[in-house]
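*Asks:* Chains as they are written, first to last, in this note's numbering: chain A, 2 to 246; chain B, 2 to 246.
The following block contains the structure, expressed as structure tokens.
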């Protein structure tokens with residue numbers, strides 16, 4: 002068996018997320034596995050660097066899989082792209098060491114969350130932005146974001162209340178940029194909990210519209226209670242930008 | 002009554018084109034009229050610079066309408082953008098001379114047709130490109146395009162076989178650019194017949210893949226018969242880029 006690493010881009014709008022569910026094919030992992038299985042003639046497990054929620058996109062999700070085949074890398078990539086739907090594409094492929102594991106070996110992830118603050122929607126990218134439609138004070142959001150940097154227990158920002166494993170994570174950077182009427186928040190960390198970036202974003206939006214102070218971030222972190230953090234921003238504004246190894 | 006000129010951007014994917022049809026609201030003109038009528042309290046006719054087919058997009062469609070109101074330009078634009086769906090946006094508005102007519106006064110139109118020749122689909126813009134998925138010789142397409150320039154009877158490139166008015170049009174320029182694996186054809190002319198750009202594009206694609214010679218363009222023009230021209234390329238690759246007055 003050979004081990005391949007691929008990078009995958011997808012428009013997550015019409016999918017139930019990355020992860021295969023029982024009795025549904027409408028997942029990115031499911032679509033990839035189906036094509037590989039029909040190309041290779043045996044069951045294939047495509048291991049992603051992490052799950053993305055329903056409706057969340059990726060520019061460079063990383064995954065790996067073991068297959069028994071005689072394809073060249075180019076043949077595999079062309080075959081995948083030929084049979085995959087138009088909203089999923091394999092953007093690179095490489096045979097890697099047998100021990101490579103896209104989830105266990107991931108060191109750093111970068112996500113971008115895009116918020117359109119204008120009444121005028123972003124017609125050509127409205128599938129990839131949160132059409133918030135009202136002004137936000139990004140300077141306050143920047144102050145709140147600073148308090149989130151570093152290693153913390155992010156239990157208050159975890160969407161899975163039954164999470165039994167550690168909720169400690171490290172955020173290396175949160176970069177908030179204003180581009181015209183769009184606010185773009187770029188999060189880099191060693192990993193993120195379920196819904197974490199969407200809850201961080203909802204909290205920063207509440208700060209930006211004046212519903213909570215930027216200093217409240219410290220209280221939220223200390224309280225370790227999901228109920229005190231902000232709302233979960235919708236999935237369409239979020240994209241997994243890069244996974245580093 | 003005041004006369005307003007607007008520019009409108011839209012993702013045409015889920016619409017039955019620009020023009021209002023009987024018993025359907027799923028048109029761009031219909032959506033604009035509905036919002037204006039509820040804002041102004043009287044029937045409004047939104048006159049477009051021309052129709053776009055079902056599934057065709059626009060970056061800057063121009064339209065005008067007469068209304069009786071006390072709104073400022075900004076209020077009108079914000080109101081429209083607030084009530085319009087996320088795939089339609091008004092990008093500018095200006096009160097104009099009462100005699101301005103967006104169709105009669107249009108001097109020049111520019112359309113862009115985008116073709117992806119790669120097996121790897123353009124995930125983030127797949128609603129705006131024709132996923133052709135095979136190589137094309139753009140040098141042959143450029144030669145064919147040169148023979149289309151100027152004033153001709155374009156009856157062979159007209160999708161409406163019952164067209165009774167003149168089918169003579171002038172094409173000022175056809176620019177064919179290759180950007181990575183994408184071929185982008187920019188057409189500028191004084192006006193275009195129904196489906197004309199899509200038939201021109203289908204014909205250029207047949208030249209680019211070697212199914213017909215570039216010189217055959219002259220025969221097609223001379224024959225004045227739709228049957229001898231190429232196929233009608235699908236709507237999703239086409240966008241109305243600009244209308245000049």
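In this text, a Cβ means the ideal position worked out from N, Cα and C, and glycines have one as well.
In this text, all values refer to a predicted model and were calculated from it rather than measured experimentally.
Using a Cβ-Cβ cut-off of 8 Å, state whether residue 71 (chain B) counts as contacting chain A.
*Replies:* Cβ-Cβ to chain A under 8 Å: no for residue 71 (chain B).
*Asks:* Check whether the stretch 80-97 of chain A and the stretch 31-45 of chain A touch, using three or more Cβ-Cβ pairs below 8 Å as the test.
*Replies:* Enough Cβ pairs lie closer than 8 Å, so yes.
*Asks:* Does any residue of chain B have a CB that is nearer than 8 Å to the CB of residue 62 (chain A)?
*Replies:* By this cut-off, residue 62 (chain A) is not an interface position.
*Asks:* Can you pull the chain A residues whose beta carbon is under 7 Å from the beta carbon of residue 181 (chain B), in chain order?
*Replies:* Near residue 181 (chain B) there are no residues of chain A at all, since even the closest Cβ is about 12 Å away, more than 7 Å.
*Asks:* From residue 169 (chain A) to residue 189 (chain A), what does the alpha carbon distance come to, in whole angstroms?
*Replies:* Cα to Cα, the separation comes out at about 15 Å.
*Asks:* Please report whether the beta-carbon of residue 75 (chain B) lies at a distance below 8 Å from any beta-carbon of chain A.
*Replies:* Not an interface residue.
*Asks:* Tell me, please, whether the CB atom of residue 31 (chain B) is closer than 8 Å to any CB atom in chain A?
*Replies:* No - not a single Cβ of chain A is within 8 Å of the one on residue 31 (chain B).
*Asks:* Under a Cβ-count criterion, where at least 16 other Cβ atoms within 10 Å of its own Cβ denotes burial, should residue 43 (chain B) be classed as buried or exposed?
*Replies:* Answer is exposed; the Cβ neighbour count stays below 16.
*Asks:* In the DSSP assignment, find the unbroken alpha helix (DSSP H) run with residue 81 (chain B) in it and report its ends.
*Replies:* That run of the alpha helix (DSSP H) goes 74-84.
*Asks:* Take residue 52 (chain B) and list the residues in its own chain whose beta-carbon comes closer than 7 Å to its own, dropping the five residues that flank it on each side.
*Replies:* The answer, listed in chain order, is 18, 19 and 20.
*Asks:* Please tell me whether residue 10 (chain B) has its Cβ less than 8 Å away from any Cβ of chain A.
*Replies:* Yes, because at least one Cβ of chain A sits closer than 8 Å to the Cβ of residue 10 (chain B).
*Asks:* Against chain A, does residue 243 (chain B) count as a neighbour if the rule is that its beta carbon must be under 8 Å from one of theirs?
*Replies:* False, the Cβ-Cβ gap to chain A never drops below 8 Å.
*Asks:* So, under 8 Å CB-CB, residue 208 (chain A) and residue 141 (chain A) are touching, yes? Tell me the CB distance rounded to an integer number of Å.
*Replies:* About 5 Å separates the two Cβ atoms, so the contact holds.
*Asks:* What does the alpha-carbon distance come out to for the pair residue 2 (chain A) and residue 97 (chain A)?
*Replies:* Near 11 Å, if we compare the C-alpha coordinates of residue 97 (chain A) and residue 2 (chain A).
*Asks:* On the DSSP letters alone, give me the boundaries of the alpha helix (DSSP H) that residue 146 (chain A) sits inside.
*Replies:* Residue 146 (chain A) -> alpha helix (DSSP H) spans 139-147.
*Asks:* Along the chain, which unbroken stretches of the alpha helix (DSSP H) at least 4 residues long are found entirely within the stretch 146-230 of chain B?
*Replies:* DSSP runs (the alpha helix (DSSP H)) wholly in the stretch 146-230 of chain B: 197-209 and 217-224.
*Asks:* If we ignore side chains and look at the alpha-carbon of each, how far apart do residue 175 (chain A) and residue 89 (chain B) end up?
*Replies:* In a straight line, the C-alpha of residue 175 (chain A) is about 32 Å away from that of residue 89 (chain B).
*Asks:* Looking at chain B, is there any beta carbon in it that lies within less than 8 Å of the beta carbon of residue 92 (chain A)?
*Replies:* Chain B, which has a Cβ nearer than 8 Å to the Cβ of residue 92 (chain A), makes this yes.
*Asks:* Compare the C-alpha of residue 123 (chain B) against each of A:215, A:92 and A:231 and name the closest.
*Replies:* That would be A:92, whose Cα lies nearest to the Cα of residue 123 (chain B).
*Asks:* Quick check on residue 47 (chain B) - is its C-beta less than 8 Å from some C-beta in chain A?
*Replies:* Not an interface residue.
*Asks:* What is the rounded straight-line gap between the Cα of residue 7 (chain B) and the Cα of residue 72 (chain A)?
*Replies:* Spanning the two alpha carbons is a distance of roughly 54 Å.
*Asks:* Say whether the stretch 113-123 of chain A touches the stretch 53-72 of chain B, bearing in mind that this needs 3 or more beta-carbon pairs closer than 8 Å, one atom from each stretch.
*Replies:* Counting Cβ pairs under 8 Å, fewer than three are found: no touch.
*Asks:* Who are the neighbours of residue 88 (chain A) on chain B, taking C-beta pairs under 8 Å?
*Replies:* Residues of chain B passing the Cβ test: 122, 124 and 127.
*Asks:* Would you say residue 232 (chain A) and residue 94 (chain A) are within 8 Å of each other, going by their C-beta atoms?
*Replies:* The answer is no: Cβ separation not under 8 Å.
*Asks:* Hey, residue 13 (chain A) and residue 132 (chain B): beta-carbon distance below 8 Å or not?
*Replies:* No; because the gap between Cβ atoms is not below 8 Å, this pair is not in contact.
*Asks:* Can you tell me whether residue 32 (chain B) is buried or exposed, with buried defined as 16 or more other CB within 10 angstroms of its CB?
*Replies:* Residue 32 (chain B) should be labelled buried.
*Asks:* Look at residue 239 (chain A) and residue 184 (chain A) and say whether their C-beta atoms are less than 8 Å apart.
*Replies:* Cβ atoms of residue 239 (chain A) and residue 184 (chain A): not closer than 8 Å.
*Asks:* Assuming residue 106 (chain A) and residue 246 (chain A) make a contact with CB atoms under 8 Å, what is their CB distance in whole Å?
*Replies:* Correct: roughly 5 Å between the Cβ atoms.
*Asks:* Which value, in whole angstroms, describes the spacing of the CA atoms of residue 313 (chain A) and residue 114 (chain A)?
*Replies:* Because chain A spans 2 through 246 in this model, residue 313 (chain A) falls outside it and cannot be assessed.
*Asks:* Terminal residues of the continuous beta strand (DSSP E) containing residue 242 (chain B)?
*Replies:* 239-245 is the span of the beta strand (DSSP E), which, as asked, contains residue 242 (chain B).
*Asks:* Is the beta carbon of residue 191 (chain A) sitting closer than 8 Å to the one on residue 171 (chain A)?
*Replies:* Yes, they are a contact pair.
*Asks:* Return yes when the Cβ of residue 177 (chain A) is within less than 8 Å of the Cβ of residue 139 (chain A), no when it is not.
*Replies:* Contact: yes.
*Asks:* Can you name, in chain order, every residue of its own chain whose Cβ lies under 6 Å from the Cβ of residue 63 (chain B), other than the five neighbours on each side?
*Replies:* Closer than 6 Å at the Cβ level, and outside the excluded window around residue 63 (chain B), lie 8, 50, 103 and 244.
*Asks:* Going by alpha carbons, who is nearest to residue 228 (chain A) out of A:237, A:210 and A:203?
*Replies:* Checking every option, the nearest Cα to that of residue 228 (chain A) belongs to A:203.
*Asks:* Have a look at B:85, B:59, B:46 and B:221 and flag the residue whose alpha-carbon is nearest the alpha-carbon of residue 69 (chain B).
*Replies:* Closest by alpha carbon: B:46.
*Asks:* In chain E, which residues lie with their C-beta within 7 Å of the C-beta of residue 83 (chain B)?
*Replies:* The structure shown contains no chain E; its protein chains are A and B.
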